[in-house]
Every structure is written in C-alpha cells, then in structure tokens.
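Peer 1:
See the structure below:
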C-alpha cells in the first residue's frame, strides 16, 4: 500500500490503532481484503473513497497531507509499508498507521533511548537530564522525548547541542508548535541534522489532554529503554514508564533525595523494579541484550573518548569508597549539588548516589538551597 492508501485507512471512522493492528496482522489484500475485514461504517467510507473520491469526506485531508509532503524535502509521510517506518514501533500492540515526519530520517536508524520526567524539574533534575542526554547522544544513542517543558526539552537540547540525534513525538499535528515557547526547539528538531519531529495526528490538530498518553506510547515504542529522570507521584512520566514495561522495553530511573517531592514517582519506580542508574554506562550495559534482536540498532559499547565526568574507577569500587571528601564538603549551611560535584570531584550521578546512601544512614539531609551535614556525624 502507498501513502495515499494508508492515509485513507487512517482517516476511516471507528478504526483505532489496536483494531487496525489486528487487521494488519491478517495481511489482507488491498482493497478487497480490507473491505471484508473492516467494520461496516469504515468499509462503507473506504468504498465511497475508492469509487467516488471527489464525493468522499476523506479526500480533502488526504490531499492536504500529500501536498504537505511535496512542499519540502524534509517532509515525509511514514506508513507501515514505508522503508523507513521504525521496526521497533511495529512491535508494539498499537502502532500508528501514519506518521507525519519532519527532519532527518537518519535519526530513526540509531538506537533510541527515551528520556522523560517532570515539567517542573529541580535544578538538579534538569542538570541530570542534560548530562545523561549529552553522554548518550555522544555514544550514538538517539534521545527520544515529547518536546514538553522541563526534562524533555533539557534532554533534547543537550543531544542536539553536541551534534547528536533527537526525536520529538508531538501530541499535535506536525505543523502545530506546543508548547508555544518551544518554537526554537521545534525549529531545531525539524531542520538540524540528527533532529526529527514526528506526529500521528493530521495537520492542524491542536493539543488535547487525551493525545498525550497516546503520544507517550510512540515515545517509548521507538526506544530500547526509557529513562525517568525526575517524576512526581502523579506524573505523565509514570504513564510512559508503564507503557515501556508493557511494550517489553527496559525501564531506568535515577536515585534522588527522599525529600524531593518532584521525584517521589521515581523512587516509587525504583521500589517496584526499575533499574537504578547513576551513569550512562549502567544503561548501555543493560541494553546490550537488544543487539542481537535489532542488528541495525546496536548501541555502541565503546566511547571514542571518555566524557569529562566519567570516573575510571568501577562503579562497585565507587560505592565502597569512603565518603570523607563528600562529607567534608558539607556543613550546616545548605550546599547545592553543583558545588558538591566540583568540591568532591564526583560526577552528578555518583554524587546523587552517595548523597542518597548518606541520607538513608541519617548522616546528611536536604534542605532548601542544597544539602547539609547533620551535626555530630
């Protein structure tokens, strides 16, 4: 089937992604096989379009999408029979029939890692999103997210800043910028090498609350795993986490303070089985199992150069190292984590892990403005 035919199928009434997937699984011939399997209203609408396209209400939207594709070389209509339609996305129970794509399709050929989190992150959470996205993009991963405020945008900008790949899945039409303040990020993703915008909604579709969970299934479906950087107890990021697990993908979460209300959802994920990660090596080690299943999406296991925050010391050794330098940097006045990273000579991930362990031991505490050392300890 070609793009025009898939657009017609997409526009049929009463045909959601799950029902469509069940029909596709039967490999029907076009068009008679489809007409036989479709619900009656959808079959009637398709027959009218096939026999009298000028009278069909499906035609205007189909022709508008085809015209959009022809308007610029970076515009592509991806469908289930398109050679660039992501193989990983075909594995989920409800893949989209059509994706409007704007930007560099090469981003789809790189191993994907979804990075999601709070729309109102702490300074520490935002820094972590940038650090992980920077490192993973440099190692050949495509950072996938939803171009939302907060963690999403921080991660996607960091990936593009070093010339890496990033895909944003929109909850609107491809021609609608939401949130409006992300116009610059939208333009970068749609025109920078390695950047790509995807949308499953027709042109002109505005944001609606119901569209965001649907968007999240594509974000996680494109990815080998999902990293939750910072998520509150009731957060859309927890929806993404659930979807990742339902899709059989890996789920990662960063450790954080017990008193960080913006990350209590992350702690909940860790309690229920998410893999705790403190640096990108932890993620890469978990994702090596995917290499045999997706040869075209093998994550690189070696760095061209070690990132400035990496430690040559094995993680197990770091966990056992005495925390004197970190404790020495703390006092009765709250110290921000950025200052602790510099004073103790640790990466952000290492510093977080050590602080969490020390907090559980009752030796440090988080207060507004940073961390303090409990006196007498």
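In this note's numbering, the protein residues as written are 50 to 426.
C-beta: ideal position from N, C-alpha, C; glycine also.
(1) Based on Cα-Cα distance, which residue from 275, 215, 331, 377 lies nearest to residue 236?
(2) Run through DSSP, which three-state label would residue 260 get?
(3) Going by CA-CA distance only, name the one from 257, 328, 378, 301 that's closest to residue 423.
(4) With a threshold of 7 Å on Cβ separation, who are the neighbours of residue 432 within its own chain once the five nearest residues in sequence on each side are excluded?
(5) Checking 8 Å against the spacing of the C-beta atoms, do residue 266 and residue 141 come in under that value?
(6) Kindly indicate which three-state DSSP category residue 326 falls into: helix, strand or coil?
(7) Decide if residue 337 is buried, meaning its Cβ has at least 16 other Cβ atoms within 10 Å, or exposed.
(8) Give the range of the beta strand (DSSP E) segment to which residue 275 is assigned.
(9) Where does residue 116 land, buried or exposed, given buried means 16+ other C-beta within 10 angstroms?
(10) By Cβ distance below 8 Å, which residues in the same chain neighbour residue 300 in space, the five residues on each side in sequence not counted?
(11) Drop a sphere of 10 angstroms on the beta-carbon of residue 232, count the other beta-carbons inside from all chains shown, and report buried for 16 or more, exposed for fewer.
(12) Are residue 56 and residue 139 closer than 8 Å when you measure CB to CB?
(13) Is the segment 119 to 134 close to the segment 89 to 98, with three or more CB pairs under 8 Å?
(14) Measure the Cβ-Cβ separation of residue 94 and residue 127 and say whether it is below 8 Å.
(15) Find out if the Cβ-Cβ distance for the pair residue 246, residue 152 is shorter than 8 Å.
(16) Can you give the Cα-Cα distance for residue 369 and residue 403, rounded to whole angstroms?
(17) Report, in whole angstroms, the separation of the C-beta atoms of residue 261 and residue 220, which I expect to be a contact under 8 Å.
(18) Could you tell me which of 71, 109, 165 sits nearest to residue 264, measuring between CA atoms?
(19) Cα separation between residue 407 and residue 415?
(20) Looking at chain D, is there any beta carbon in it that lies within less than 8 Å of the beta carbon of residue 141?
(21) On a CA-only basis, which of 383, 376, 381 is nearest residue 393? Give me that one, please.
(22) For the putative contact between residue 218 and residue 253, defined by C-beta atoms under 8 Å, what is the C-beta separation to the nearest angstrom?
(23) Tell me the rounded alpha-carbon separation between residue 286 and residue 412.
(24) Using only CA atoms, which one of 269, 204, 251 lies nearest to residue 238?
(25) In whole angstroms, what separates the C-alpha of residue 82 from that of residue 75?
(26) Just the C-alpha distance for residue 137 and residue 192, rounded to the nearest angstrom, thanks.
(27) Measuring CB atoms only, is the segment 161 to 175 touching the segment 194 to 209, in the sense that at least three cross pairs come out at less than 8 Å?
(28) If we require 4 or more residues per run, which alpha helix (DSSP H) segments fall completely within the segment 149 to 173?
(29) Do you know offhand how far residue 186's Cα is from residue 134's?
(30) By Cβ distance below 6 Å, which residues in the same chain neighbour residue 98 in space, the five residues on each side in sequence not counted?
(31) With residue 123 as the anchor, note down where its alpha helix (DSSP H) starts and where it stops.
(32) When you compare the CB positions of residue 421 and residue 385, do they come within less than 8 Å of one another, or not?
(33) Tell me whether the beta-carbon of residue 146 lies closer than 8 Å to the beta-carbon of residue 69.
(34) Apart from the five residues just before and just after residue 223, which ones in its own chain have a Cβ nearer than 7 Å to its Cβ?
(35) If you run the structure through DSSP and keep just helix, strand and coil, what is residue 419?
(36) Is residue 180 near residue 309, with beta carbons less than 8 Å apart?
Peer 2: Straight from the coordinates:
(1) As a working note, residue 236 is residue 187 in the chain shown. Proximity to residue 236 across 275, 215, 331, 377 peaks at 215, based on C-alpha coordinates.
(2) Start at 1 with the first residue of the chain shown, and residue 260 comes out as number 211. Here residue 260 sits in helix by DSSP.
(3) If you number the chain shown from 1, residue 423 lands on position 374. Considering only alpha carbons, the answer is 378.
(4) Outside the displayed span of the chain (50 to 426) sits residue 432, for which this structure offers no information.
(5) Translated into the one-based positions of the chain shown, residue 266 becomes position 217. Translated into the one-based positions of the chain shown, residue 141 becomes position 92. Yes.
(6) The residue labelled residue 326 in the question sits at position 277 within the chain shown. Correct three-state label for residue 326: coil.
(7) Here residue 337 refers to the residue found at position 288 when the chain shown is read from its first residue. Answer is exposed; the Cβ neighbour count stays below 16.
(8) In the chain shown, the residue the question calls residue 275 occupies position 226. In the DSSP annotation of this structure, the continuous segment of the beta strand (DSSP E) that includes residue 275 starts and ends at 274 to 277.
(9) Here residue 116 corresponds to residue number 67 of the chain shown, with the count starting at 1. By the 16-neighbour rule on beta-carbons within 10 angstroms, residue 116 is exposed.
(10) Taking the first residue of the chain shown as 1, we reach residue 300 at position 251. By the criterion of a C-beta distance shorter than 8 Å, residue 300 is surrounded in its chain by 274, 275, 277, 290, 293, 294, 318, 322, 323, 324, once the five residues flanking it on both sides are discounted.
(11) Translated into the one-based positions of the chain shown, residue 232 becomes position 183. So residue 232 counts as exposed.
(12) Working through the chain shown from its first residue, we reach residue 56 at position 7. Working through the chain shown from its first residue, we reach residue 139 at position 90. Contact: no.
(13) Verdict: no, contact absent.
(14) Position 45 of the chain shown, counted from the first residue, corresponds to residue 94. Position 78 of the chain shown, counted from the first residue, corresponds to residue 127. Cβ atoms of residue 94 and residue 127: not closer than 8 Å.
(15) The residue labelled residue 246 in the question sits at position 197 within the chain shown. The residue labelled residue 152 in the question sits at position 103 within the chain shown. Yes. Within cutoff.
(16) Here residue 369 refers to the residue found at position 320 when the chain shown is read from its first residue. Here residue 403 refers to the residue found at position 354 when the chain shown is read from its first residue. With a pLDDT of 37 at residue 369, under the threshold of 50, the modelled position of this residue cannot be trusted; read the value that follows with caution. Distance between the alpha carbons of residue 369 and residue 403: 10 Å.
(17) Sequence index remark: in the chain shown, residue 261 carries index 212 (1-based). Sequence index remark: in the chain shown, residue 220 carries index 171 (1-based). The pair is a contact, with the Cβ atoms about 5 Å apart (cut-off 8 Å).
(18) Position 215 of the chain shown, counted from the first residue, corresponds to residue 264. Closest in C-alpha terms to residue 264, from the list 71, 109, 165, comes 165.
(19) By one-based count along the chain shown, residue 407 stands at place 358. By one-based count along the chain shown, residue 415 stands at place 366. Those two C-alpha atoms are separated by around 11 Å.
(20) Here there is only one protein chain, and chain D is not present.
(21) Numbered from 1 along the chain shown, position 344 holds the residue referred to as residue 393. Residue 393 has its Cα closest to that of 376, out of 383, 376, 381.
(22) One-based indexing of the chain shown puts residue 218 at position 169. One-based indexing of the chain shown puts residue 253 at position 204. No, residue 218 and residue 253 are not in contact; Cβ-Cβ is about 18 Å, not under 8 Å.
(23) Residue 286 sits at position 237 when you count from the first residue of the chain shown. Residue 412 sits at position 363 when you count from the first residue of the chain shown. Rounded to the nearest angstrom, the two C-alpha atoms are 31 Å apart.
(24) Taking the first residue of the chain shown as position 1, residue 238 is located at position 189. Between residue 238 and the set 269, 204, 251, the nearest pair of CA atoms involves 204.
(25) Residue mapping note: residue 82 aligns to position 33 of the chain shown, counting from 1. Residue mapping note: residue 75 aligns to position 26 of the chain shown, counting from 1. Rounded to the nearest angstrom, the gap between the Cα atoms of residue 82 and residue 75 is 9 Å.
(26) The residue given as residue 137 occupies position 88 in the chain shown. The residue given as residue 192 occupies position 143 in the chain shown. In this structure, the alpha-carbon of residue 137 lies about 15 Å from that of residue 192.
(27) Taking 8 Å as the limit for Cβ pairs, the verdict is that the segment 194 to 209 does touch the segment 161 to 175.
(28) Here no run is fully enclosed.
(29) Here the question's residue 186 lines up with position 137 in the chain shown. Here the question's residue 134 lines up with position 85 in the chain shown. Taking the straight line joining both Cα atoms gives about 21 Å.
(30) Along the chain shown, one-based indexing puts residue 98 at 49. Answer for residue 98: 57, 105, 107, listed in chain order.
(31) Taking the chain shown and counting its residues from 1, the one referred to as residue 123 is at position 74. In the DSSP assignment, residue 123 falls outside any alpha helix (DSSP H), carrying neither H nor E.
(32) For the purposes of this step, residue 421 is taken as the residue at position 372 of the chain shown. For the purposes of this step, residue 385 is taken as the residue at position 336 of the chain shown. In terms of Cβ geometry, residue 421 and residue 385 do not form a close pair [threshold 8 Å].
(33) Counting from 1 along the chain shown, the entry for residue 146 is found at position 97. Counting from 1 along the chain shown, the entry for residue 69 is found at position 20. Result yes, Cβ atoms of residue 146 and residue 69 sit closer than 8 Å.
(34) If you number the chain shown from 1, residue 223 lands on position 174. Within the same chain, Cβ atoms closer than 7 Å to the Cβ of residue 223 are found at 149, 151, 246, 248, 252, the five residues on either side in sequence being excluded.
(35) On the chain shown, residue 419 is found 370 positions in, with the first residue counted as 1. Strand at residue 419.
(36) For the purposes of this step, residue 180 is taken as the residue at position 131 of the chain shown. For the purposes of this step, residue 309 is taken as the residue at position 260 of the chain shown. Contact: no.
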